[in-house]
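Student: Got a structure for you, written out below as structure tokens; questions coming shortly.
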Amino acid sequence: GLIHHKTVSVELVADDKGVVVAVKEKSSQQKPATSSLWPITKKTAQGTLSSI
């Protein structure tokens, strides 16, 4: 799990056509169920690397 205050996790999407970058929000530290943002990035390899 993502237990630290500043955490980043990078995972593949189930269909292997994108990357999920999980980032914790500072404003929701006391609410662990809703503290992470999970945006899906569907870019090229270079675009994904530069956006992370």
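Take 1 as the starting number for the sequence shown in full-length UniProt numbering and just add one per residue.
We put the beta carbon where it would ideally sit given N, CA and C, even for glycine.
Just so you know, these numbers come straight off a predicted model, no measurement behind them.
For the alpha helix (DSSP H) that A45 lies in, which residues bound it at each end?
Tutor: If you look at A45, you'll find it in the alpha helix (DSSP H) that goes 45-51.
Student: Do you know whose CA, among S50, K6, Q46, W38, lies nearest V13's CA?
Tutor: W38
Student: How far does the beta strand (DSSP E) with A22 in it extend, from its first residue to its last?
Tutor: 19-24
Student: So the candidates are V21, S9, K31; which of them puts its Cα closest to the Cα of K43?
Tutor: V21
Student: Quick check on T34: does DSSP put it in helix, strand or coil?
Tutor: helix
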